[in-house]
Structures are given as C-alpha cells and as structure tokens.
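Below: the structure, in structure tokens.
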Amino acid sequence: MNEQQIALGAKYLQQGRLVAFPTETVYGLGANAFDAAAVNRIFLAKGRPADNPLIVHIADYATLPQVASHVPAQAERLMQAFWPGPLSIVLPKSERIPTVVTAGLDTVAVRWPNHPVAAALIRQAGLPVAAPSANRSGRPSPTLAEHVAEDLGDKVDLILDAGMAAIGLESTVIDVSSGEPTLLRPGAVTVEDLEQILGPIKVANAHPSPDQPVRSPGLKYTHYAPRAPLYLYLGEPKAVVQAQLQSLSELKSEGKNVGILTYDEYRDQFPAANVFSLGCYTQPAEAAQRLYQLLRRFDEQEVDIILAHGYPSTAGLRLALQNRLVRAAGFRLLWV
Ligand code: TXA
Ligand code: MG
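Taking the working numbering, I'd label the letters of the sequence shown as residues 118 to 453.
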C-alpha cells in the first residue's frame, strides 16, 4: 500500500466515487456520507436492499457533530473505551446525513476503525465515509482485497489492498440512542467488554428468528451465505464430530460432494478432501479471522453441502462467531 493510492482514494471519495478500503474487521465499500448520489451507488454496486442502513466511518472526534446530533453519556464512555476499534454506535443522526445512508431512520451507526489505511483515507478525504462490508449482498464479508474484486469487480473505482483483515468479523453494533443500551450485532467488542463499561445490556436477536421483532434492519436478511446449504452441528465437540462423520458417510453414499468445517484438533478424523479448519478449537480469534475466507473456499470447491462444527456455549467472541455461523446456516441447526 502506498501513499499515492491512499491520496487517490481520498480524491475519489471527494468526487463521489466508490473506494474499497481495509479495516481491522472486514473490507468496506466507501462513499462520501454527505453525498446521497454516491451512497446510492453503494446500494447499486452491492445489490443491497434500500432498507438496510450503512455505518458511517470517522477518524477524529471533530467530525462527530457533523454526523450525530447528540452524543449520550453512555456513548461517550464507549468511545473512550473502544475507539478506534470494532464498535459501531447507533446515535441520533444529524441533518447533514442524507436519509439514504440511514434507510430513513432518525439514527445513524458511527464507527472509528482501528486501521492505519482506513484512518489515513478518511482524514485525507476530510469527510465521514459511509461504508458497508464490500461484498455483494448476501455473500460472506470480504477479509481480503481479492474477495472485493471477486464480488464487485469494476463496480468499485479503487480497491486499497492491505492484506488480510485482522479480526475477520464485522464490528459490534450497539444502540444507545434510546437509554436502554441494546446489542444489535455481536462482534469483537464482546458483551462482557461492553458490560464492564455500561453494566447489564440487552442482547437483541443475536440468533434472530423470523418471529422475533427486528430492531436492526440488517438482522432480517440472511447474510454470509455460502452457495451450498450449510448445516450447523451444535454440542460437545466429540458428539459433533461423530454426528458429522455419520452424515458424511450417508451423504457420500448418495454421491454428494461434502464440505466439512472443523478445527485443527479434529481434522485428522475426516478424509482429506474439502475439509477446512477454523484453527485451534480453543482459539476463537483464529476462527473469526478465517471463517469468511473458508466459506468462500467451499464455493470454489463447488461442494453440494457443508457440515459445520459450532459451539456449545457462546461466551466472549464465540457469540459473534456462532451468530455468523447460524446465519450462514440459514438456521439449519442440528443439536447433538
Ligand atoms: O465492521 C464493520 O462494521 C464493517 C466495516 C466496513 O466497518 N461494516 C459493515 O457494514 O459490516 P454492513 O453494512 O455490512 O453492516 C451494518 C450493520 C447492518 O446490520 C445494519 O442494519 C446496521 O449495521 N445498522 C446500520 N445503521 C443502523 C442504525 N441506524 N440502526 C440500527 N442498525 C444499523
Ligand atoms: Mg455486510
């Protein structure tokens, strides 16, 4: 990554063009958050439903009053604790942010990413940057610049490549606009982290189901989906591996090309083909970094079906991981 490319990206943002850029979570597809026409192009490029609002990215506190009309005390404490970082905070929106950004809501999600390229780009542009994850709508979020090129190709004017995203899952989203802090999307800033600052918080729809009310519009869409149906096995590791092996042999006898998602500890129990490891079972950070890349690998291998190993409990980062696995599964869950 060189300085000239960042400068070009900043110029493009000022001109209303689209720039894909790295963050510590996933790659974003950025546009000038004040420019409704530019933001519309994000929705077109992604094929994103218009009622799913975007996160606005900043890289200093001076820009915040241009984005949010008011910063509640709880939000201020979260910013001090977790910014720059993987936390998006839903705030009352300022009038300068066009309604296309927030899908008509009177709130706006704001994040200060912890990545030097993102920060340099936003500062040089001198603008808040509206940016969803830089995938085609419904595909796994991009953790590599190659994923962006694969999904969006020439729909994006520039891709800034800084290698693999460190975290690999999208930011935590919390709503503090109503007085009752509510987690809308779990991420690398965990419930436990947030509760250290705020005390008990409400966890909305971490595993959403169709009959639960939707507070974050994005929650109602099946995101992160690989092309083949993914079944998520939940339970103690030994039982999960046994169940995966059983299903594998049945599906193979039907002539199916089966993908397995497992961990280093269990990998040897499966035949080699199309078996991908999320890393060490006890290291959820590794699994988070690899998950989306592996979902894309299954697509490349053109598997017919994926059998994935989930977690029996969801403390810490595992809440975010399980949340994305459940969505990738489209709620095809098997408790063993
Ligand atoms: O890590 C991330 O958050 C990445 C990087 C690029 O920053 N961005 C990202 O954006 O994941 P996106 O658009 O894929 O997800 C944004 C989520 C959606 O679930 C959306 O519904 C929710 O944030 N959201 C945005 N604005 C909101 C608002 N005003 N109220 C409630 N939810 C909101
Ligand atoms: Mg997304």
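Glycine included, C-beta positions come from ideal geometry on N, C-alpha and C.
Note that the structure is a prediction, hence the values are computed from the model and not measured.
Cβ-heavy atom distance, residue i to ligand 1, below 7 Å
i	result
Ile159	no
Leu130	no
Gly145	yes
Leu222	yes
Leu292	It should be noted that the sequence gives Asp, not Leu, for residue 292. Yes - ligand 1 has a heavy atom lying nearer than 7 Å to the Cβ of Asp292.
Ala248	yes
Leu442	no
Ser258	yes
Glu287	yes
Asn169	yes
Thr216	no
Arg449	no
Val273	no
Tyr228	Tyr is not the amino acid found at residue 228; the sequence shown has Arg there. Yes.
Thr140	yes
Ile314	no
Thr399	no
His174	yes
Val265	no
Val225	yes
Val207	yes
Arg302	yes
Thr307	no
Thr219	yes
Residues that residue i bridges to, as DSSP identifies them
i	result
Phe138	Gly145
Phe393	Leu378
Ser258	Bridge partners of Ser258: none, in fact.
Ile276	Ala137
Ser211	None; Ser211 has no bridge partner.
Tyr348	Leu424
Ala185	Lys210
Leu204	Thr289
Ile284	Paired residues: none, contrary to the question.
Arg228	His174
Leu244	Per DSSP, none; premise fails for Leu244.
Pro319	According to the sequence shown, residue 319 is Lys rather than Pro. Its beta-bridge partners are Thr299.
Ser250	Gly145
Leu451	Tyr350
Any non-hydrogen atom of ligand 2 within 7 Å of residue i CB
i	result
Pro203	no
Pick from the options that is closest to residue i, judged by C-alpha positions
i	options	result
Asp428	Tyr383, Asp421, Tyr398	Reading off the sequence shown, one finds Tyr at residue 428, where the question assumed Asp. Of the candidates Tyr383, Asp421, Tyr398, the one whose C-alpha sits nearest the C-alpha of Tyr428 is Tyr398.
Gln386	Leu300, Tyr409, Pro354	Pro354
Pro230	Leu238, Pro317, Leu135	Leu238
Ser294	Gly145, Ala437, His232, Ala192	Ala192
Thr180	Arg213, Ile276, Leu125	Arg213
Asn216	Asp168, Pro182, Gln197	Asn is not the amino acid found at residue 216; the sequence shown has Thr there. Residue Asp168 is the option with its Cα nearest to Thr216.
Trp310	Ala321, Gly296, Thr289, Glu297	For clarity, residue 310 is Asp in the given sequence; the question names Trp instead. Among Ala321, Gly296, Thr289, Glu297, the Cα nearest to that of Asp310 is on Thr289.
Tyr178	Gln359, Pro245, Leu269, Tyr383	Pro245
His454	Val227, Leu204, Phe199, Ala176	Lying outside 118 to 453, the shown extent of the chain, residue 454 is not represented and no answer is given.
Asp271	Pro257, Leu161, Ser366, Ile175	Leu161
Val308	Arg407, Ser394, Leu436, Ala190	Leu436
Ala242	Asp381, Pro259, Ala124	Ala124
Val143	Leu261, Glu382, Thr379, Gly447	Leu261
Arg158	Val273, Pro343, Leu349	Val273
Trp200	Ala360, Tyr129, Thr219, Glu141	Glu141
Ile422	Arg256, Asp292, Pro259, Ala345	Ala345
Gly145	Asp152, Gly126, Gln132	Gly126
Leu411	Val234, Ala247, Pro257, Pro317	Pro257
Thr219	Asn119, Ala266, Ala153	Ala153
Ala155	Leu204, Ala247, Leu208	Ala247
His232	Asp278, Leu222, Val265	Asp278
Gln361	Arg413, Trp452, Leu130	Trp452
Gly352	Pro317, Thr431, Ala321, Gly296	Thr431
Leu347	Glu267, Ala190, Arg441, Gly396	Arg441
Glu382	Ala390, Gly376, Val358	Val358
Glu120	Ala236, Gly147, Val184, Gly164	Ala236
His426	Thr379, Ile175, Arg384	Thr379
Gly280	Glu417, Leu269, Gln183, Val265	Val265
Pro259	Ala190, Gln406, Pro388, Arg134	Gln406
Arg449	Gly433, Leu424, Leu434	Leu424
Ala321	Ser394, Gln313, Arg302	Arg302
Val306	Leu204, Phe151, Pro298	Leu204
Leu208	Gln197, Ala198, Gly202, Asp223	Asp223
Check: residue i C-beta below 7 Å from any heavy atom of ligand 3
i	result
Thr299	This structure simply doesn't include ligand 3; it includes ligand 1 and ligand 2 instead.
Beta carbon proximity, residue i to chain D, threshold 8 Å
i	result
Phe199	Note that chain D does not occur in the displayed structure, where there is just one protein chain.
Open item on the list: Would the region 243-255 count as touching the region 368-377 if we require 3 or more Cβ pairs under 8 Å?
Closed with: no
Open item on the list: Whether or not the region 401-416 and the region 268-288 are in contact is what I'm after, with contact meaning three or more pairs of Cβ atoms, one per stretch, closer than 8 Å; do they touch?
Closed with: yes
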